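These notes concern the structure reproduced below.
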Ligand code: LLP
């Protein structure tokens with residue numbers, strides 16, 4: 019307690035623009051994206067992963083996992099910074115193409131792509147389609163026959179690794195919906211190569227998301243590459259590529275800052291892991307691919323809210339046992355003008371965030387706060403636990419950090435609350451890159467008989 023002081027608050031500038039100017043011009047709540055920070059992070063991640071792959075004697079393609087946050091502008095930034103784009107639906111594909119992304123730079127994912135989506139991807143000439151099930155092999159083959167094209171495909175497998183993350187974010191153990199068991203790979207690859215229109219380029223595995231430890235990647239790479247000799251015998255050539263997915267975790271709170279892996283370290287470890295696993299498997303190092311999403315955009319986004327009401331809850335006798343709450347005898351509930359409709363992550367994964375007052379300084383001592391939304395659920399929480407100056411009050415602007423990934427993307431219209439716009443800031447300039455919705459637009463969706 020008291021480690022962070024109220025005086026840390028002040029008038030926040032993002033990309034050279036005052037938070038208060040942003041809310042005055044564009045309203046509240048508001049998603050704000052620092053364009054230069056996003057671009058710099060994209061470059062840093064690409065350079066780290068490619069540089070380390072080159073150090074061990076291969077190269078890497080870095081796909082931005084656009085599900086984290088996609089707009090036409092963002093897709094352009096990514097391509098300009100040298101990233102390829104991973105899409106997971108026909109809609110994401112549409113946006114990437116509208117941004118002018120070279121289709122050959124697009125990887126198309128999904129465990130239940132429709133025939134129409136597959137046809138669109140094949141016709142557009144996407145670089146790779148990631149096959150997620152047996153049924154899809156024939157569907158993609160049919161689409162290539164209809165379009166008179168050949169299609170590069172990867173096969174998504176489960177390495178059987180249990181990534182240490184929230185259950186809903188772990189994806190490479192067997193008992194979940196994505197990918198095929200690694201033991202089925204030989205049969206599937208035999209099936210794939212039997213189709214003239216399909217070119218098998220390698221295995222794909224995404225072990226999960228918001229991962230802090232690299233052990234899971236090590237085990238995954240070892241298991242996948244362990245099958246490459248057998249698979250190469252089936253295809254008749256060395257399998258050229260290996261895609262290890264994304265999932266690199268980020269710090270959401272100052273407490274996590276020390277734990278979150280640095281991209282340079284992850285890149286070096288992954289390159290070493292793949293190099294060692296290739297030697298062990300007796301194969302040449304494949305070309306690598308990665309699909310980071312959260313780590314590219316997460317920390318360069320901020321959400322601005324306006325405080326509407328506050329209330330104090332006396333914690334004595336409530337059985338509040340969380341050690342982080344100890345030392346406080348009351349909790350200040352701070353209600354803002356958004357909530358789980360613009361950030362579902364605390365409700366979905368109990369993710370915590372970091373909040374600061376962004377419109378003024380304060381010399382008040384800290385209060386234990388919980389920032390909550392305006393929706394009709396007690397789980398409608400934006401920040402589970404943080405400290406703010408005890409004089410936080412209606413009308414204050416709050417800035418919640420690291421909301422760049424999976425916040426706009428998971429947003430909803432719960433309680434008929436319109437989605438806020440997304441504003442990009444750079445060099446003191448602000449511009450809207452995604453329009454917000456209005457209540458009138460939401461009303462118009464209701465059919466009046
Ligand atoms: N590749 C594949 C195949 C994926 O399924 C995902 C994420 C990624 C890459 C990117 O993972 P990242 O680097 O962003 O961790 N809504 C959740 C995250 C779901 C992630 C789904 N797949 C959240 O808000 O934490």
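In UniProt numbering, the protein residues as written are 19 to 467.
Beta carbons are placed, not taken as given, at the ideal position from N, Cα and C, and that holds for glycine.
Predicted model only: the values in this text are computed from it and were never measured.
{"Query": "Beta-carbon proximity check, residue 40 vs residue 406, cutoff 8 Å", "Result": "no"}
{"Query": "The alpha helix (DSSP H) enclosing residue 421, as first and last residue numbers", "Result": "Counting along the chain, residue 421 falls outside any alpha helix (DSSP H), and DSSP gives it neither H nor E."}
{"Query": "Per-residue DSSP class, three states only, for residue 262", "Result": "coil"}
{"Query": "Those residues which DSSP pairs with residue 450 across a bridge", "Result": "441"}
{"Query": "Buried/exposed call for residue 344, threshold 16 Cβ in 10 Å", "Result": "exposed"}
{"Query": "Proximal residues to residue 122 (C-beta, below 7 Å), its chain only, five neighbours per side dropped", "Result": "143 and 145"}
{"Query": "Inter-residue Cα distance where the pair is residue 335 and residue 346", "Result": "12 Å"}
{"Query": "Residue 31 - DSSP class collapsed to helix/strand/coil", "Result": "strand"}
{"Query": "Where residue 82 falls: helix, strand or coil (DSSP)", "Result": "strand"}
{"Query": "Contact belief for residue 443 with residue 45 at Cβ below 8 Å, rounded distance in angstroms", "Result": "That belief does not hold up - the Cβ atoms of residue 443 and residue 45 are roughly 15 Å apart, past 8 Å."}
{"Query": "Residue 44 Cβ short of 7 Å to the ligand LLP heavy atom set", "Result": "no"}
{"Query": "Distance between residue 302 and residue 469 (C-alpha atoms, nearest Å)", "Result": "What the structure shows of the chain is the stretch from 19 to 467, and residue 469 is not part of that stretch, so it cannot be assessed."}
{"Query": "Limits of the unbroken beta strand (DSSP E) element including residue 353", "Result": "348-354"}
{"Query": "Cβ-based burial, residue 114 [other Cβ within 10 Å; buried from 16]", "Result": "buried"}
{"Query": "The ligand LLP heavy atom lying under 7 Å from the CB of residue 86", "Result": "yes"}
{"Query": "CA-to-CA distance, residue 385 to residue 239, given in whole angstroms", "Result": "46 Å"}
{"Query": "Ranges of the alpha helix (DSSP H) found wholly within the region 151-175, counting only runs of at least 4", "Result": "152-165"}
{"Query": "Whole-angstrom C-beta distance between residue 439 and residue 453, which should lie under 8 Å", "Result": "6 Å"}
{"Query": "DSSP-derived helix/strand/coil call for residue 412", "Result": "coil"}
{"Query": "Neighbourhood of residue 23 by C-beta distance below 6 Å, restricted to the same chain and skipping five residues each side", "Result": "Note on residue 23: pLDDT 47, under 50, position unreliable in the model; the coordinate value appears next. So the list is empty, once near-sequence residues are dropped."}
{"Query": "From 228, 287 and 284, residue whose alpha carbon lies closest to that of residue 270", "Result": "228"}
{"Query": "Cα-Cα separation between residue 305 and residue 235, rounded to whole angstroms", "Result": "16 Å"}
{"Query": "The region 85-103 touching the region 431-438, judged by at least three CB pairs closer than 8 Å", "Result": "no"}
{"Query": "Close-in-space but distant-in-sequence residues of the same chain around residue 19 (CB under 6 Å, 5 per side omitted)", "Result": "Confidence at residue 19 is low in this model, with a pLDDT of 36, below 50, so the placement of that residue is unreliable and no value is reported for it."}
{"Query": "Check: residue 110 C-beta below 7 Å from any heavy atom of the ligand FAD", "Result": "Summarising the ligand content, the structure contains the ligand LLP and does not contain the ligand FAD."}
{"Query": "Residues near residue 21 in its chain [Cβ-Cβ closer than 6 Å; skip 5 each side]", "Result": "Bear in mind that a pLDDT of 41 at residue 21, under 50, signals an unreliable position, so the number given afterwards is only what the model happens to contain. The answer is none, since no qualifying residue turns up."}
{"Query": "For residue 106, the nearest candidate out of 86, 116, 90 and 100 (CA to CA)", "Result": "86"}
{"Query": "Limits of the unbroken alpha helix (DSSP H) element including residue 204", "Result": "203-211"}
{"Query": "First through last residue of the beta strand (DSSP E) which encompasses residue 400", "Result": "399-407"}
{"Query": "N-terminal and C-terminal residue of the alpha helix (DSSP H) that residue 457 is part of", "Result": "457-462"}
{"Query": "CB of residue 371 within 8 Å of CB of residue 400, strictly", "Result": "yes"}
{"Query": "Classification of residue 130 by the beta-carbon crowding that lies within 10 angstroms, buried from 16 upward", "Result": "exposed"}
{"Query": "Contacts around residue 103, its chain only, beta-carbon distance under 8 Å, and the 5 residues preceding and following it disregarded", "Result": "81, 82, 84, 93, 96, 97, 114, 119, 123, 124 and 125"}
{"Query": "Residue 177 CB to nearest heavy atom of the ligand LLP below 7 Å", "Result": "no"}
{"Query": "Proximity test, residue 309 beta-carbon vs the ligand LLP heavy atom, cut-off 7 Å", "Result": "yes"}
{"Query": "heavy atom of the ligand LLP below 7 Å from residue 363 C-beta", "Result": "yes"}
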